[in-house]
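Q: Provided herewith is a single structure, encoded as structure tokens, for subsequent inquiry.
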Amino acid sequence: MDPKEAGGSEKEKEKEKEKVIKRRNRPVFLRYLERRKTDTIVADDMAKGDINLGTLVRRSQSDKTEYSAKLKEKMTPHDLSTPPSPAIDPEEVRLRKMNRRAKVIQELVQTEKDYLTGLELCIREVVQPLRNLQVVDIDRLFTNIETVCEVSAALYHRLHEAMADPDPEAVVIGNAIMTLT
16 MDPKEAGGSE
26 KEKEKEKEKV
36 IKRRNRPVFL
46 RYLERRKTDT
56 IVADDMAKGD
66 INLGTLVRRS
76 QSDKTEYSAK
86 LKEKMTPHDL
96 STPPSPAIDP
106 EEVRLRKMNR
116 RAKVIQELVQ
126 TEKDYLTGLE
136 LCIREVVQPL
146 RNLQVVDIDR
156 LFTNIETVCE
166 VSAALYHRLH
176 EAMADPDPEA
186 VVIGNAIMTL
196 T
């Protein structure tokens with residue numbers, strides 16, 4: 016082997032490594048714009064003068080086949096030979112559903128409480144000081160914030176009252192929401 020050839024291949028390897036490093040350091044959106052090595056440029060589209068990237072670059076057939084195989088693998092049931100799960104007790108199913116419902120209701124109450132706290136903070140720390148400074152457009156900017164805060168407080172208190180019942184099946188939050196309308 017010629018020493019020049021060995022040095023040349025090392026230089027090529029070094030250049031290839033530099034390209035990879037540069038490619039990794041590019042912004043993500045530029046990496047998506049680069050043409051993959053398996054992409055083919057369609058000559059007949061170029062002859063028409065169509066410069067649209069979507070028509071110039073098409074994926075190779077092997078890419079399509081690979082994607083199709085992966086999709087079919089995901090869509091097929093994994094193991095049909097496994098025995099069906101034992102019948103779940105209806106009472107256990109009901110308890111799971113009630114626990115999930117209780118968590119959702121609790122999350123709704125907590126979210127409303129956090130929203131109300133944020134509104135009160137905004138009124139106390141932003142709106143009132145600006146009103147004290149007599150900023151002209153403050154009432155146009157925060158038109159109905161006090162009304163929204165009052166409605167939010169009423170909803171929170173009604174939801175909180177509805178949650179007071181210790182029986183989770185007796186908790187009815189729909190009425191608390193409907194009475195606000």
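In terms of the numbering used here, the sequence shown opens at residue 16 and continues consecutively. Glycine included, every Cβ here is placed at the ideal spot set by N, Cα and C. All of these numbers come straight from a predicted model, not from anything done at the bench.
Per DSSP, what kind of secondary structure is GLN121 in: helix, strand or coil?
A: Helix.
Q: Beta-carbon within less than 6 Å of PRO181's beta-carbon, same chain only, minus the 5 sequence neighbours each way: which residues are those?
A: Taken in chain order, the list of residues that qualify is empty.
Q: Who are the Cβ neighbours of VAL166 in its own chain at under 8 Å, not counting the five residues just before and after it?
A: The answer, listed in chain order, is LEU195.
Q: Taking the alpha-carbon positions, what's the VAL119 to MET178 distance?
A: Rounded to the nearest angstrom, the two C-alpha atoms are 12 Å apart.
Q: Just curious, the alpha helix (DSSP H) that MET193 is in, first and last residue?
A: That run of the alpha helix (DSSP H) goes 189–193.
Q: One question on the structure: do ARG146 and ASP154 come within less than 9 Å of each other, judged by their Cβ atoms?
A: Yes; because the gap between Cβ atoms is below 9 Å, this pair is in contact.
Q: Can you name the start and end residues of the alpha helix (DSSP H) that GLN143 belongs to?
A: That run of the alpha helix (DSSP H) goes 143–147.
Q: Exposed or buried, ALA102, counting other C-beta atoms within 10 Å across all chains shown (16 or more means buried)?
A: Exposed, by the Cβ-count rule.
Q: When burial is assigned at 16 or more other CB atoms within 10 Å of the CB, is ALA185 buried or exposed?
A: ALA185 is exposed by the Cβ-count criterion.
Q: Three-state secondary structure (DSSP) at ALA14?
A: Look at the range of the chain in this structure, 16 to 196, and you will see that residue 14 is not part of it.
Q: Quick check on GLU29: buried or exposed, where buried means 16 or more other Cβ atoms within 10 Å of its Cβ?
A: GLU29 comes out exposed.
Q: Helix, strand or coil, according to DSSP, for ASP154 in the structure here?
A: Three-state result, ASP154: helix.
Q: Which of the three DSSP states is assigned to ALA102 in this structure?
A: Of the three classes helix, strand and coil, the one that applies to ALA102 here is coil, per DSSP.
Q: Nearest CA to the CA of ASN159: which residue from HIS175, VAL142 and LEU174?
A: Looking at the Cα atoms, VAL142 is the closest of the given residues.
Q: Report the rounded CA-to-CA distance for TYR171 versus VAL124, giving the unit in angstroms.
A: Cα-Cα distance, rounded: 7 Å.
Q: Pick from ILE188, TYR82, GLU107 and ARG139: whose alpha carbon is nearest that of GLN121?
A: Among ILE188, TYR82, GLU107 and ARG139, the Cα nearest to that of GLN121 belongs to ILE188.
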